[in-house]
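In what follows, a single structure is set out as structure tokens and then discussed.
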Amino acid sequence: MRSSQVAGAAGVNLQTLRYYERRGLLAEPERSLGGHRLYPAEAVTILRVIKAAQRLGFTLDEVADLLAAGGHRHDGHDSGLRERARLKLAEVQTKIADLEVIASTLRAAVAAGCDDLVTCAGEPCCPIPFATIATDPLIAEGAPAAGPR
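The opening residue of the sequence shown carries number 1 in UniProt numbering; numbering runs sequentially from there.
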């Protein structure tokens with residue numbers, strides 16, 4: 001299959017297809033006599049797997065590891081997918097818990113009628129834990145603000 005056919009069938013654009021190829025997620029295809037890339041039909045499946053894994057929260061590096069490990073499955077080697085999925089699930093559950101705290105705090109701010117952050121921050125009844133958020137080292141490192149832990 002030619003590049004445009006593979007990209008269209010997998011629902012990605014040509015730049016994504018080439019990027020995955022450069023990253024080693026997709027094997028470099030053979031070339032026609034005219035120099036056109038010719039991918040095997042399996043390339044569509046691999047692209048769909050990559051996109052699905054990303055939607056499940058795996059990074060491209062993690063996807064690359066899974067694809068590489070999966071390529072060795074015929075030698076009796078465990079690819080580790082089950083364990084990696086378990087770890088990713090734990091990450092997702094932590095993020096959901098953090099998001100629930102954030103949602104609860106925002107609901108309380110809306111219910112309290114907060115309309116000015118500076119004024120609200122100075123009120124003892126403010127539902128937004130400004131002091132905790134400002135000093136939380138996890139938040140400084142880029143983790144979502146989840147209020148008191």
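Think of the CB as a built atom: it goes at the ideal place given N, C-alpha and C, for glycine as much as any other residue.
Residue i: first and last residue of the uninterrupted alpha helix (DSSP H) it sits in
i: S3; result: S3 to A10
i: L106; result: L81 to A112
Three-state secondary structure assigned by DSSP to residue i
i: L60; result: helix
i: L47; result: helix
i: L14; result: helix
i: L38; result: strand
i: residue 151; result: Since the first residue shown for the chain is 1 and the last is 149, residue 151 is missing from the structure and cannot be characterised.
i: E28; result: coil
i: D65; result: helix
i: L33; result: coil
i: I133; result: helix
i: Y20; result: helix
Residue environment, residue i, which counts as buried when at least 16 other CB atoms sit within 10 Å
i: V118; result: exposed
i: A97; result: exposed
i: L92; result: What sits at residue 92 in the sequence shown is Val, not Leu. Per the 10 Å Cβ criterion, exposed.
i: H72; result: With a pLDDT of only 48 at H72, under the threshold of 50, the placement of this residue in the model should not be trusted; the figure read from the coordinates follows. The residue is exposed, with fewer than 16 neighbouring Cβ atoms inside 10 Å.
i: V6; result: buried
i: G34; result: exposed
i: V63; result: buried
Inset, instruction - Report yes or no: do three or more beta-carbon pairs, one from the region 47-61 and one from the region 4-21, lie closer than 8 Å? - result: yes
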